[in-house]
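Going by the working numbering, the first residue of the sequence shown is number 42, and it counts up by one from there.
Glycine is no exception: its CB is placed at the ideal position from the N, C-alpha and C atoms.
Remarks on the structure that follows.
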Amino acid sequence: INQLDVDKSNLSYTKSEFHLMCSTLDASMSGGGTDEETIYATMRKLNTQDDWQFLQKTFGIRKKDVGFWNSDINGDLKKWLSDDLMDSEVDEVRRILSESNISY
42 INQLDVDKSN
52 LSYTKSEFHL
62 MCSTLDASMS
72 GGGTDEETIY
82 ATMRKLNTQD
92 DWQFLQKTFG
102 IRKKDVGFWN
112 SDINGDLKKW
122 LSDDLMDSEV
132 DEVRRILSES
142 NISY
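Written out as structure tokens, the structure reads:
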């Protein structure tokens, strides 16, 4: 995560807005169930590769509560997405990002 380069002059949102997006993503993947539509809607907000890189940096490494029966995980945004989403749903995230010429 620390190795992700970001040109902050190319960001579409304020730091506070990125923090809000991260909180939204966290909530959409925490506990039981996943809110895929919220994840997709958040990804649609991103306009540049720097937006995606900065979102990942802002998300950082977080502990994810995966419920009573499973062990919690620690991971970055991509780890959370791959843990919560089926392969076809991760492909949809990639497709949404690619519409803005953003590489996953």
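Reference residue 141, options 42, 86, 64, 48, closest by Cα: 86
Strand pairing of residue 116, partner residues [DSSP]: 103
Beta-carbon proximity list for residue 131, same chain, < 7 Å, skipping 5 on both sides: 122, 123
Reduced DSSP category for residue 53 - H, G, I as helix; E, B as strand; rest coil: coil
Sub-8 Å separation of residue 126 and residue 100 beta-carbons: No.
Cβ separation of residue 137 and residue 84, assumed to be a contact under 8 Å, to the nearest whole Å: 5 Å
Outcome for residue 128 when other beta-carbon atoms lying within 10 angstroms are tallied against a minimum of 16: Within a 10 Å sphere around the beta-carbon of residue 128 sit fewer than 16 other beta-carbons, which makes this residue exposed.
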